[in-house]
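Residue numbers for the sequence shown follow this note's numbering, beginning at 1262 and rising by one.
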Amino acid sequence: MAKDTKYSQQFKEDVVQYRLDHPELSLCKIADNLRISESALKNCMKAAKDHERSIPTRGSGNYTSDEAKEIARLQRELRDTKDALEVLKKAIGILGN
């Protein structure tokens, strides 16, 4: 599959279940059967292992707490402000000459 492919939580859980149901198959063969990369398969397995077979999903607007949401908003705002400052610095440099 293409790089940066996003898989649904259900698909990831199905991948983990398929792996558990077919322990005789190699990771490479399972990845081929499911038409995903071996690294994607390993990532799903690791996430399931780290979270007791529950694969957490993180998406736009999916935060663990209100604090995390506010931190993300402030980080975006800071990034946008820094970008605007850089544009202004360049404009001053152009107009100042």
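A virtual CB, placed ideally from N, CA and C, is assigned to each residue, including glycine. Predicted, not measured: the structure shown is a model, and the values here were computed from it.
Legend entry - Supposed contact pair I1297 and Y1279 - C-beta distance, whole angstroms, cut 8 Å: Actually they are not in contact, since the Cβ atoms of Y1279 and I1297 sit about 11 Å apart, beyond 8 Å.
Legend entry - Rounded C-alpha distance that separates A1301 from R1334: 29 Å
Inset, instruction - Please report how far the alpha carbon of T1266 lies from the alpha carbon of E1328, in whole angstroms. - result: 29 Å
Inset, instruction - Could you have a look at S1300 and say whether DSSP puts it in helix, strand or coil? - result: helix
Legend entry - Per-residue burial, M1262 [other beta carbons within 10 Å of its own, 16 or more giving buried]: The pLDDT assigned to M1262 is 43, lower than 50, so where the model puts this residue is not dependable; a value taken from the coordinates is nonetheless given after this. By the 10 Å Cβ count, M1262 comes out exposed.
Legend entry - Within 8 Å, strictly: CB atoms of V1277 and A1309: yes
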